[in-house]
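Data first, discussion second: the structure below is written as structure tokens.
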Amino acid sequence: MVKDNLAGNFVQEFAMLWDYADELKLKNPESIIKMTVNIATLESPTHFKRFYVCFEALTRGWKEGCRPILGLDGCFLKGLFKGDLLADVEGECIDSWA
Numbered sequence: 020m021v022k023d024n025l026a027g028n029f030v031q032e033f034a035m036l037w038d039y040a041d042e043l044k045l046k047n048p049e050s051i052i053k054m055t056v057n058i059a060t061l062e063s064p065t066h067f068k069r070f071y072v073c074f075e076a077l078t079r080g081w082k083e084g085c086r087p088i089l090g091l092d093g094c095f096l097k098g099l100f101k102g103d104l105l106a107d108v109e110g111e112c113i114d115s116w117a
């Protein structure tokens with residue numbers, strides 16, 4: 020019971036992802052928002068795979084600024100949800116951790 024209160028209700032949170040994606044598309048129509056799920060059979064529950072967001076303002080800034088180097092940083096998720104978390108980074112320095 021305590022664990023459920025701390026971790027939350029994953030079924031309700033998963034259902035809210037669709038609403039979140041729709042709201043992002045509504046407020047940022049030129050942005051790219053993609054959600055991928057796995058559906059094994061029609062009877063089985065939907066399993067979340069990935070959620071990708073690239074805001075149009077970031078794309079425009081990238082093109083105008085023309086950054087010469089793009090890095091990819093990642094970590095392994097070891098909590099309730101296993102997997103990898105990847106993020107693009109301009110560079111890794113002491114200021115990027117502040």
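In the working numbering, each residue's number is its place in the sequence shown (first place is 1) plus 19. Virtual Cβ for every residue (Gly too), placed ideally from N, Cα, C. Computed from a predicted structure; not experimentally measured.
Taking C-beta atoms as the reference points, LEU43 and ILE52 count as a pair closer than 8 angstroms.
Judged by beta-carbon spacing, MET54 lies beyond the 8 angstroms limit of PHE33, meaning their Cβ atoms are not closer than that value. ASN47 and GLU83 have their C-alpha atoms roughly 19 angstroms apart. Of the candidates VAL30, SER50, LEU104, SER50 places its Cα closest to the Cα of ARG79. In chain order, THR65 place their CB closer than 7 angstroms to the CB of ILE58, counting only its own chain and leaving out the 5 sequence neighbours on each side. Residues ASN47, SER50 of the same chain have their beta carbon placed closer than 7 angstroms to that of PHE74, with the five preceding and five following residues left out of the count. Check the Cα spacing between VAL30 and each of PHE67, THR60, ALA40: the tightest is with PHE67. Exclusion of the five residues before and after GLY102 leaves PHE95, LEU96 as the residues of its chain whose Cβ lies within less than 8 angstroms of its Cβ. If you draw a straight line from the Cα of ASP38 to the Cα of VAL72, it is about 14 angstroms long. Contact check for ASP92 and ALA106: beta-carbon distance about 6 angstroms, within the 8 angstroms limit, so the pair qualifies.
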